[in-house]
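UniProt numbering applies: residue 1 is where the sequence shown begins, and numbers increase by one. Everything below concerns the one structure shown next.
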Amino acid sequence: MPANFALEIKCLESERQALLSFKQSLVDRYDTLSSWRTQAKAKANANDDCCNWRGVGCSNKTGGDHHIIRLDLHNKGLMGEVGSSLTQLSHLTYLDLSYNEFNQISLQDIASLINLNYLNLSNNKFSSVVIPSHLGNLSKLLVLDLGSNGWLCDNLSWLSRLSSLKHLDLSSTDLHNAHDWVDIINKLTLLQSLSLSNSTLPQPILSPYDTNANFSKFLVKLNLSLNYDFNSSIIDSWLINFSNSLTHLDLAYNNLQGFNMDGFGNMTSLILLNLHSTKVDFHSSTLFDNLCNLNSLEVLYLGSNNFSGSLPNFSLLFQSLKELDLSNNKLSGTIPQSLGQLSNLEYLNLQSNLLEGEVSEVHFSKLKNLKVLDLSGNLLRLNFNSAWVPPFQLQSITLRNCTLGPQFPRWLQTQDFCILDISETGISDKIPRWFWNNLSPNLLFLDVSFNNIKGEVPNLSLKFKKKPVIILGVNEFEGRIPPFLFGAQNLDLSRNGFSDISSLCEVTYSSPLYLLDICGNQISGQLPNCWNRMLNLSSLSLAYNYFSGEIPHSLGNLTTLKSLNLRENYFSGEFPSWFNFTDLIIFDAAHNNLSGNLPSWIGSRLPNLVRLILKSNHFHGNLPSSLCNLRRIEVLDISLNYNISGTIPTCIYNFDVLTKTFNPSTVPDYMRDLVMMWKGKENLIHGRNLQLQRSIDLSTNRLRGEIPNKITQLVGLISLNLSRNELTGQIPYNIDQLQSLDFLDLSRNNLSGPIPSGISQIPRLSVLDLSYNNLSGNIPTGTQLQSFPVSSYEGNPYLCGDPLKKCEVSNNNNIDVENNNENDKADQDKLIMPDLLIPISSGFIIGFWGIFGSLLFKRWRHTYFKLLSNIIEKVLCSN
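Here you go:
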């Protein structure tokens with residue numbers, strides 16, 4: 001080892017140690033700083049100069065030691081703390097730590113690096129850190145990017161000391177108290193690029209003397225997007241002075257009602273204009289007249305506004321245009337054929353307008369550069385010659401709701417797409433083999449749902465690289481589900497005619513499946529016992545099939561499961577002992593043949609349940625008190641089991657979510673559809689209507705005892721059904737505490753005593769059934785209770801008052817009513833079976849998306865309905 005080895009190391013030892021100390025304070029997950037080695041290790045390589053370390057740059061003076069002047073570690077996956085050791089690199093002029101996951105930093109330390117002319121700390125996790133005024137010490141800064149961190153800043157006066165700034169990005173910084181921002185920004189006279197996006201900018205109070213006369217004349221890029229409540233007054237005044245210099249203007253997601261479009265007439269240098277979601281309201285003729293001089297425009301985003309009228313003649317406008325977004329407006333009429341003249345166009349989004357008419361090859365004649373096409377949500381008919389070969393190669397094709405059929409579009413054979421949505425397009429055809437063979441391993445999204453596509457999906461050897469979303473639902477696919485589909489992340493095969501899922505056991509790899517929906521098919525027999533290949537599943541729907549036998553043991557391997565839907569099958573047996581899904585939010589096993597006692601562990605092993613639906617099975621025994629541990633429950637339905645007995649647990653008030661009048665549902669959007677009894681019919685309730693998700697249904701069982709008074713603490717309940725049991729005692733006197741109730745059914749029990757007067761004070765109550773009990777006395781007066789039909793009260797022989805027979809008062813002030821108790825019990829028995837037909841009415845069919853009648857009526861052929869099967873078939877077929 002040469003004695004003068006230390007002299008061969010070019011960077012200063014103190015700066016070398018500073019870097020090593022900095023490395024120790026962070027987490028280098030991908031070992032990207034492996035070249036940063038200690039002195040001992042460096043001696044193994046005499047040429048190991050720390051100036052050659054990854055991301056490090058030194059001054060290039062000749063001879064002697066070189067100071068570190070540049071540190072560029074952007075996008076290296078680094079985590080942890082930006083330590084104070086960087087302060088020892090006093091000669092740094094360039095520091096870029098952007099796009100990492102640092103969570104701690106001292107900006108006062110950074111402010112000591114007074115030689116910096118470039119500082120980029122953007123896109124880290126430095127949230128809730130206050131930006132100190134010390135940053136004003138960095139007077140040599142040309143570029144300052146602190147964006148996308150969530151900083152706090154109440155005062156921007158320190159910025160005025162950075163007079164050399166050319167680029168400033170404070171996006172996603174909370175500036176809601178920085179009312180001086182206009183005045184401060186006006187002083188940065190050399191500024192070329194400014195981004196204050198998503199910064200909760202306060203509306204400045206402008207005096208007649210507040211102008212931007214001194215503001216930079218060099219401004220090229222301005223981004224004030226995502227400030228939402230920011231209005232147009234300051235924008236209008238600024239645009240006048242920017243008209244000659246601006247090339248990029250982004251005002252998306254602001255409130256620009258009343259915006260003066262005239263200012264755009266002189267912005268002849270504009271390359272990008274983004275007015276997406278700005279509430280701008282113009283007729284298209286006015287809009288495009290104001291933009292007609294923007295010959296340099298390459299990107300135009302005008303989506304999600306209130307533009308109306310027709311599309312312009314594109315041959316006279318925007319010949320340089322590469323990206324055009326006019327989506328989610330009110331544009332009407334046809335698409336002009338001149339659109340096909342925009343030869344530079346790469347991105348076209350016209351979705352969700354009122355466009356109609358025919359689209360032909362002429363509309364795309366010169367669009368050789370087109371990569372993204374979205375015409376969905378219009379009334380367009382795409383009519384191409386069967387031999388047409390498009391001039392473009394599309395990567396994303398979205399044509400939902402357009403008319404493509406009835407034949408499958410042949411022109412797709414020439415496209416190498418990774419996104420394809422041709423749902424609801426009127427296709428009544430088999431998908432050609434070439435389509436399946438051409439599917440790319442890089443597929444991201446495929447949706448052909450809501451058509452009448454027939455035939456089988458071939459068994460391909462395709463392996464996906466990108467974990468795509470595949471939606472084939474609501475078609476007429478049949479046969480075996482091929483195993484390659486299980487390589488998707490989300491797979492929706494619902495409402496088809498698939499008959500075989502045994503291919504599940506042919507999957508030889510760990511499937512990325514997160515969501516699997518095969519409800520409404522023709523699959524019968526036992527469920528395959530190889531779910532250990534699907535360990536990523538979060539949502540599984542097997543509903544409306546013909547599965548039978550016990551629930552297979554391997555299903556217990558799905559420990560991340562959040563939703564399990566077994567509704568309307570023939571599953572039998574008791575609750576499996578391995579049933580332990582601590583993350584489960586939804587469990588729906590309604591209309592099966594499950595039996596045995598409800599397990600005592602149901603509240604401990606399923607603590608996060610929001611919906612528990614076990615209706616129409618063969619469970620018996622008492623309701624376990626452990627149900628009260630389901631503190632997050634919103635829907636509890638154990639109705640129609642007939643033999644569940646015992647009392648209603650008094651601890652029912654432990655249902656914490658139901659003790660509040662409003663709670664945002666914890667159910668993810670993709671799980672939010674719910675089939676439930678509602679107002680006498682079994683319907684599909686869409687989960688975004690949160691009020692219809694809070695219900696308890698224990699009806700048609702053998703529950704005894706009194707209704708617990710504690711149930712009145714569940715003030716968030718919308719629906720309560722305890723009918724057709726053997727409950728006794730009185731209706732809780734303070735039931736009027738359930739102010740959110742819309743549906744209350746206590747009928748066909750043995751309840752006695754008066755109707756609490758407070759029921760008339762429940763404002764939302766629209767369905768009430770207290771019939772066939774032993775209630776007595778006057779029906780409380782009030783327009784609401786008197787508006788319910790007689791059927792709501794009948795079968796209570798000692799009950800009187802409007803709308804029943806008037807009460808007659810005898811000399812001893814006792815109520816005297818007609819004695820019709822003799823035949824009451826017989827009448828009640830006669831009514832039970834007809835009422836059981838309610839869930840099979842047309843409302844049930846409509847409620848579950850219109851699933852084929854032949855699929856649903858077969859599900860009702862359970863033991864208790866055998867004698868009525870012919871009647872049920874007639875009811876369903878007639879609907």
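Note that beta-carbon positions come from the ideal geometry of N, C-alpha and C, so glycine has one too.
Three-way DSSP call (helix, strand, coil) for residue i in this model
i	result
Q108	helix
T38	coil
A44	At A44 the pLDDT is 47, less than 50, meaning the model places this residue with poor confidence; the figure from the coordinates comes in the next sentence. A44: coil per DSSP, three-state reduction.
L144	strand
F102	strand
F547	strand
F435	helix
L684	Caution is warranted here: a pLDDT of 47 is assigned to L684, below 50, making its placement in the model unreliable, and the coordinate value is therefore given only provisionally. It is a strand residue.
Q526	strand
D236	helix
K10	coil
C153	coil
S625	helix
G603	helix
T712	helix
C58	strand
N654	helix
M267	coil
I759	helix
K23	helix
S766	coil
Q828	Confidence at Q828 is low in this model, with a pLDDT of 40, below 50, so its placement is unreliable and the value that follows should be read with caution. Q828 falls in the helix class under three-state DSSP.
I184	helix
Option nearest residue i by Cα separation, candidates the options
i	options	result
R764	K366, S776, R748, S740	S740
N622	R631, I735, I638	I638
V507	Y546, S461, L540, G525	S461
R400	F464, S376, I652, P390	S376
N186	N177, I419, R161	R161
S128	C153, S757, L135	C153
N231	P204, L19, L222	P204
G479	D500, N459, L491	D500
D28	K76, I184, K806, L196	K76
Q393	L302, W158, E323, V372	V372
E81	S645, L107, V790	L107
L658	R611, P624, S626	R611
residue 905	L768, P754, S338, Q761	Past the boundaries of the shown model lies residue 905; the chain is included only from 1 to 879, so the question cannot be answered.
S494	D697, I481, L770	I481
Residue i classed as buried or exposed, judged by whether at least 16 other C-beta atoms fall within 10 angstroms
i	result
W181	buried
R54	exposed
F218	exposed
V56	buried
S787	exposed
S199	buried
W434	exposed
L175	buried
P312	buried
L799	buried
residue 915	This structure does not reach residue 915, given that the chain is present from 1 up to 879, and the question cannot be answered.
Strand pairing of residue i, partner residues [DSSP]
i	result
Q730	S752
T403	R381
T398	D374, D421
G303	Bridge partners of G303: none, in fact.
E356	L379
M534	None, per the DSSP bridge assignment.
H620	N597, N643
I613	D588, D637
Y347	E323, V372
Would the region 595-603 count as touching the region 555-562 if we require 3 or more Cβ pairs under 8 Å? No, the region 595-603 is not in contact with the region 555-562.
Quick check: the region 528-536 against the region 563-578, are at least 3 beta-carbon pairs closer than 8 Å? For the pair of segments examined, the region 563-578 was found not to touch the region 528-536: the number of CB pairs separated by less than 8 Å stays below three.
Could you tell me whether the region 129-140 touches the region 104-115, using the rule of 3 or more Cβ pairs below 8 Å? Yes: the two stretches touch, three or more of their Cβ pairs being nearer than 8 Å.
Validate contact between the region 349-362 and the region 325-338 using beta carbons, cut 8 Å, 3 pairs: Between the region 349-362 and the region 325-338 there are three or more inter-stretch CB-CB distances shorter than 8 Å, so the stretches are counted as touching.
Are the region 625-633 and the region 605-617 touching, with three or more C-beta to C-beta distances below 8 Å? The region 625-633 makes contact with the region 605-617: 3 or more CB pairs, one atom from each, lie closer than 8 Å.
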